[in-house]
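Asks: Structure below; questions to follow.
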Amino acid sequence: MKLLRELGDNLRSFVVTVGAVSLFFGRVLGQIPRAMLRPRFVIEQIFNAGALSLVIIMTCGLFVGMVLGLQGYDLLQRFGSEDALGTGAALALIKELGPVVTALLFAGRAGTALASEIGLMRATDQLAAMEMMAVDPIRRVVAPRFIGGVIAMPLLTVIFVSIGIFGVQLIGVQQLGVDAAAFWSQMRSSVGVDDVMEGVIKGCVFGVACSLVAVYEGYTAVPTAEGVGRATTRTVVTSAVLTLILDYMLTALML
Amino acid sequence: MRSTRTVELSTGLFVLLGFAALFFLVTQITNRELSINGNSYEVYAHFENIGSLKPGAAVSIAGVTVGRVESIAFDQNVYKAVVRMRINSQYNKIPVDSDASIMTSGLLGGQYIGLTIGGAEEYLGNGDRIEFVQDALVLENLINQMVATFSRRGEDSEQKSSEAPEAQETK
Amino acid sequence: MIQPFSENVLSSRQQTQWIVELRDVHYSIGNREIFSGLTLTIPRGRITAIMGPSGTGKTTLLRLITGQIKPDSGQVLFDGIDVSNLSLRELYALRLRMGMLFQNGALLTDMTVFENVAFPLREHTKLPHSLIRHIVLTKLQAVGLRGAAQLMPAELSGGMARRVALARAMATDPDVLIYDEPFTGLDPISMGMIVRLVRQMNNALGITSIVVSHDVEELAALADMSFILAGGKVAAQGTFNELKGHDSQIVHQFMNGLADGPVAFHYPAPEYFEQLLA
């Protein structure tokens, strides 16, 4: 009986959270046109979310690609079809690894930065001060950061994938001796533009999800040092879980 | 505070890098590079079975890509697959009696259409049909055939062997 | 210089003697009742102090006046306008007439001092850069920090940050300035500067000032009128001398800083010896 009630309470609070996030999302969306009127702030946030995440994205892309090269080669040479390495690795990177790993890294790098920044603004009364100066913090603070994240994420995804394919090529072709022509031609003949689109669409959706989670957690953070810390942690966890769930749904939808 | 110029510069570089990566993916990784820009003409062929041929697959002669598969449809009138191919106008001397076969590049590779040049004096033009075709090799069919052949042989020998003891028993 | 919102909200009416009126306000957070029938009036053009022990809802009162929260029942009037009935847009228009100084300044940490003071002007006006520069430097000069214009908020001391925040609150020339705990955590010199500034703003510009604090000494020198909040109501009101001689126990305890009284030294607990022996 007690268990049942607890379950009910949890369910209730989950529904409440979903509702709150949706309303918040609506408010952010409503302010986007006005936020876009001042592109300088948006550019600054693309810089924060994108340009500053570039190094970590490129490093991770390279190593994921290299691992994929080693593992893929090991697997494929058992069937004597090392030439398919390009196809397999490219599809894996474009459709799954690229968007998902980028989203996880994005949540860890840019998401936490967003959440803690907004959370600290909440904790130090900066958001309240803006409201007192008749400036809507959703428009001035949240919306530009949200847009910045949404724009940065797909770009980071394609950069990650490109570097990743370079990594696969580095290991597969340069080191393990897969025939370069076969590697590229097989990749080209079996990867379609729609596969790339699938990756980009995933990148966009994850970008919206991760950015929304980050700005929401920051905006609703309990205004104490501990509260901001918790908001940051929750950002990473929620973003990661949400990314994987959405990934399944999108994959099922687009396959 | 970082100066506005630095922010704009690095953001610009980041965005350009992103689009460069997208361009790289679309042009270098996918089969889109086979798309024919400039003049081309279309031919089609009927196949009994196209296997896993996809739109966008290469059409090649002697291993050189000359065009790509434009569309694949099923024609209910002839109960065959209609494969439309777009071929670069540069290659305008393909004899009408050329042979189109669906081939596989490598064991796990994708399928493409290989054209084998015929001997006619007339050349394919826009809207022409390639008469001679070879269907895709479907692994299952091959195996089925093999199994069928083997099992028939097996049955034959079994029948013989089973007939023999029966004959003995009746005796 | 202010965007045209609805006119009736913007224009100062000067009709009544009271700029802020609270009528029978009830407000509770969860099950905890913060205000139960609070009624108070704040005179125009004066310095009014709002005092009280911790947890009596002084900050909540400010949030009610500025429309950040709405009362459960009762009315909050700002210059005769019911704050809780306004749309967000009208509320924002009204807030341009209020300046608020937060406890720690609440400067925007990613901008220089200059940009912080310029912020409300840039957000609400389309003034040319030269004019904004002129206004900002004037305001910074008034708080003595023109030389610090290019510093970041992180480089300021607590007192300086509050003076910058005051300059920022002044940027839109409000009718009312609200100070939330302006003296907390300051050294005596900075405190003296803030006290001087509060009085200056009031005397020179005729701005109504509402100071929330529990620094009895500083307020004694400043306030024309004082309220002591306790138990969700106004426990006492009047000039400082009137409060000194007030006969209510809580006022007596508060004004003289006594350790025990109606606000007990001991947090409610079971009988001491019983608990020890149990």
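Those protein sequences? They're chains A, B and C, same order as listed. According to our numbering, the stretch in the first sequence is residues 8 to 262, in order. According to our numbering, the stretch in the second sequence is residues 30 to 200, in order. According to our numbering, the stretch in the third sequence is residues 4 to 281, in order. Virtual Cβ for every residue (Gly too), placed ideally from N, Cα, C. Every value quoted in this text rests on a predicted model; they were computed, and no experiment measured them.
What residues from chain A crowd round Glu99 of chain B, counting only those whose CB sits closer than 9 Å?
Replies: The count along the second sequence starts at 1 and reaches residue 99 of chain B at position 70. In chain order: nothing, as chain A lies at least about 14 Å away.
Asks: Would you say the segment 165-183 of chain C touches the segment 81-101 of chain C, given that touching needs at least three Cβ pairs under 8 Å?
Replies: Counting Cβ pairs under 8 Å, three or more are found: they touch.
Asks: By Cβ distance below 6 Å, which residues in the same chain neighbour Gly79 of chain A in space, the five residues on each side in sequence not counted?
Replies: Reading the first sequence from its first residue, position 72 is the one you call residue 79 of chain A. Excluding positions up to five away in sequence, the list reads Leu92, Gly95, Ala96.
Asks: Ordered along the chain, which non-local residues of its own chain (more than five positions away) have a Cβ less than 8 Å from that of Val2 of chain C?
Replies: What the structure shows of chain C is the stretch from 4 to 281, and residue 2 of chain C is not part of that stretch, so it cannot be assessed.
Asks: Kindly indicate which residue of C:Asp190, C:Glu36, C:Leu148 has the alpha-carbon position closest to the one of Gly161 of chain C.
Replies: Counting from 1 along the third sequence, the entry for residue 161 of chain C is found at position 158. Considering only alpha carbons, the answer is C:Asp190.
Asks: Would Leu168 of chain B pass as an interface residue toward chain A - the criterion being a Cβ-Cβ separation below 7 Å?
Replies: Taking the second sequence and counting its residues from 1, one reaches residue 168 of chain B at position 139. It does not: the Cβ of Leu168 of chain B has no partner Cβ on chain A nearer than 7 Å.
Asks: Return no unless some Cβ of chain C is closer than 7 Å to the Cβ of Asp254 of chain A.
Replies: Position 247 of the first sequence holds residue 254 of chain A. No - not a single Cβ of chain C is within 7 Å of the one on Asp254 of chain A.
Asks: Please classify Gln193 of chain A as buried or exposed, where buried requires at least 16 neighbouring CB atoms within 10 angstroms.
Replies: As a first step, residue 193 of chain A is located in the first sequence; it is residue number 186 there, counting from the start. Looking at its Cβ environment, which holds 16 or more other Cβ atoms inside 10 Å, Gln193 of chain A is buried.
Asks: Taking 7 Å as the CB-CB cut-off, is Asp16 of chain A touching chain C?
Replies: Taking the first sequence and counting its residues from 1, the one referred to as residue 16 of chain A is at position 9. Judged by the 7 Å Cβ criterion, Asp16 of chain A is not in contact with chain C.
Asks: Using 7 Å as the limit for Cβ to Cβ distance, is Met194 of chain A near chain C?
Replies: By 1-based counting over the first sequence, the position of residue 194 of chain A is 187. No, Met194 of chain A lies away from the interface with chain C (no Cβ there is under 7 Å from its Cβ).
Asks: Taking three-plus beta-carbon pairs below 8 Å as touching, is the segment 41-55 of chain C in contact with the segment 231-250 of chain C?
Replies: Short answer: they touch.
Asks: Would you tell me roughly how many angstroms separate the C-alpha atoms of Asp263 of chain C and Ile253 of chain C, rounded to the nearest one?
Replies: Within the third sequence, residue 263 of chain C is the residue found at index 260, counting from 1. Within the third sequence, residue 253 of chain C is the residue found at index 250, counting from 1. Distance between the alpha carbons of Asp263 of chain C and Ile253 of chain C: 10 Å.
Asks: What are the start and end residues of the alpha helix (DSSP H) that includes Ile53 of chain C?
Replies: By one-based count along the third sequence, residue 53 of chain C stands at place 50. No alpha helix (DSSP H) holds Ile53 of chain C; the beta strand (DSSP E) holding it covers 50-54.
Asks: Compute the Euclidean distance between the alpha carbons of Ala99 of chain A and Ala189 of chain A, then round it to the nearest angstrom.
Replies: Your numbering for residue 99 of chain A matches position 92 in the first sequence. Your numbering for residue 189 of chain A matches position 182 in the first sequence. For Ala99 of chain A and Ala189 of chain A, the distance between alpha carbons rounds to 18 Å.
Asks: Pairing CB atoms from the segment 134-144 of chain A with CB atoms from the segment 111-122 of chain A, are three or more of them under 8 Å?
Replies: They do not touch, by the three-pair rule.
Asks: Look at the alpha carbon of Gly58 of chain C and the alpha carbon of Val146 of chain C, and state the distance between them as a whole number of angstroms.
Replies: Position 55 of the third sequence, counted from the start, is the residue given in the question as residue 58 of chain C. Position 143 of the third sequence, counted from the start, is the residue given in the question as residue 146 of chain C. C-alpha separation (whole angstroms): 31 Å.
Asks: Measuring CA to CA, which of B:Asn78, B:Val98, B:Gly80 is closest to Ala87 of chain B?
Replies: Looking up residue 87 of chain B in the second sequence gives position 58. Minimum Cα distance to Ala87 of chain B is reached at B:Val98.
Asks: Report the option in B:Tyr141, B:Asn155, B:Phe161 whose CA atom is closest to the CA atom of Ala149 of chain B.
Replies: Stepping through the second sequence from its first residue, residue 149 of chain B is reached at position 120. The shortest Cα separation from Ala149 of chain B among B:Tyr141, B:Asn155, B:Phe161 belongs to B:Phe161.
Asks: Grab me the residues of Arg47 of chain A's own chain with a C-beta within less than 8 Å of its C-beta, minus the 5 sequence neighbours each way, in chain order.
Replies: Here the question's residue 47 of chain A lines up with position 40 in the first sequence. Taken in chain order, the list of residues that qualify is empty.
Asks: Along the segment 200-219 of chain C, where does the CB come closer than 7 Å to a CB of chain A? Name the residues.
Replies: The residues in question: there are none.
Asks: Out of A:Ala238, A:Ser218, A:Leu111, A:Ile101, which has the shortest C-alpha to C-alpha gap to Gly156 of chain A?
Replies: As a first step, residue 156 of chain A is located in the first sequence; it is residue number 149 there, counting from the start. Ranking A:Ala238, A:Ser218, A:Leu111, A:Ile101 by Cα distance to Gly156 of chain A puts A:Ser218 first.
Asks: Opposite Trp21 of chain C in the DSSP bridges: which residues?
Replies: Along the third sequence, one-based indexing puts residue 21 of chain C at 18. Partner(s): C:Pro46.
Asks: Can you tell me where the alpha helix (DSSP H) with Lys9 of chain A in it begins and where it stops?
Replies: In the first sequence, residue 9 of chain A corresponds to position 2, counting from 1. Note, Lys9 of chain A: alpha helix (DSSP H), 9-43.
Asks: With 8 Å as the C-beta to C-beta threshold (strictly closer), list the residues of the segment 34-46 of chain A near chain C in chain order.
Replies: Result list empty, no residue passes.
Asks: Could you list which residues in chain C have their beta carbon closer than 7 Å to that of Glu233 of chain A, in chain order?
Replies: One-based indexing of the first sequence puts residue 233 of chain A at position 226. Those do not exist, as Glu233 of chain A stays about 18 Å from chain C at its closest Cβ, beyond 7 Å.
Asks: Closer than 9 Å, Cβ to Cβ, to anything on chain C: give me those residues from the segment 118-142 of chain A, in chain order.
Replies: For the segment 118-142 of chain A, which is checked against every Cβ of chain C, the residues closer than 9 Å are Glu124, Leu127, Met128, Thr131, Asp132, Gln133, Leu134, Ala135, Ala136, Met137, Glu138, Met139, Met140, Ala141, Val142.
Asks: In angstroms, rounded to a whole number, what distance separates the CA positions of Val243 of chain A and Arg147 of chain A?
Replies: Position 236 of the first sequence holds residue 243 of chain A. Position 140 of the first sequence holds residue 147 of chain A. Going by the C-alpha atoms only, they are around 24 Å apart.
Asks: If you follow the alpha helix (DSSP H) that Gln133 of chain A is part of, which residue opens it and which one closes it?
Replies: As a working note, residue 133 of chain A is residue 126 in the first sequence. Counting along the chain, the alpha helix (DSSP H) containing Gln133 of chain A begins and ends at 133-139.
Asks: Mark Ser169 of chain A as exposed unless 16 or more other C-beta atoms lie within 10 angstroms of its C-beta, in which case mark it buried.
Replies: For the purposes of this step, residue 169 of chain A is identified with residue 162 of the first sequence, where counting begins at 1. Classification of Ser169 of chain A: buried, given that the 10 Å Cβ count is 16 or more.
Asks: In the DSSP assignment, find the beta strand (DSSP E) that holds His137 of chain C and state where it starts and stops.
Replies: Counted from its first residue, the third sequence places residue 137 of chain C at position 134. First-last for His137 of chain C: 132-145, but that is the alpha helix (DSSP H), not the beta strand (DSSP E).
Asks: Among the candidates C:Glu158, C:Ser133, C:Leu67, C:Val23, whose CA atom is the shortest distance from the CA of Ser31 of chain C?
Replies: Position 28 of the third sequence, counted from the first residue, corresponds to residue 31 of chain C. That would be C:Leu67, whose Cα lies nearest to the Cα of Ser31 of chain C.
Asks: According to DSSP, is Ile239 of chain A part of a helix, a strand, or is it coil?
Replies: Here residue 239 of chain A is taken as the residue at index 232 of the first sequence, counted from 1. The identity of residue 239 of chain A in the sequence shown is Thr, whereas the question assumes Ile. Of the three classes helix, strand and coil, the one that applies to Thr239 of chain A here is helix, per DSSP.
Asks: Using a Cβ-Cβ cut-off of 7 Å, state whether Phe81 of chain C counts as contacting chain E.
Replies: Looking at the structure shown, chain E is missing, and the protein chains on hand are A, B and C.
Asks: Would you check if the distance between the CB atom of Ile22 of chain C and the CB atom of Ala226 of chain C is smaller than 7 Å?
Replies: As a working mapping, residue 22 of chain C is identified with position 19 in the third sequence. As a working mapping, residue 226 of chain C is identified with position 223 in the third sequence. No. Outside cutoff.
Asks: For Leu169 of chain C and Thr115 of chain C, what's the separation of their Cα atoms in angstroms?
Replies: If you number the third sequence from 1, residue 169 of chain C lands on position 166. If you number the third sequence from 1, residue 115 of chain C lands on position 112. Leu169 of chain C and Thr115 of chain C: Cα-Cα distance of roughly 15 Å.
Asks: Report the partner residues of Ala80 of chain C according to the DSSP bridge assignment.
Replies: Counting from 1 along the third sequence, the entry for residue 80 of chain C is found at position 77. Before going on, a small fix: residue 80 of chain C reads as Leu here, not Ala. DSSP lists C:Glu24, C:Asp85 as partners of Leu80 of chain C.
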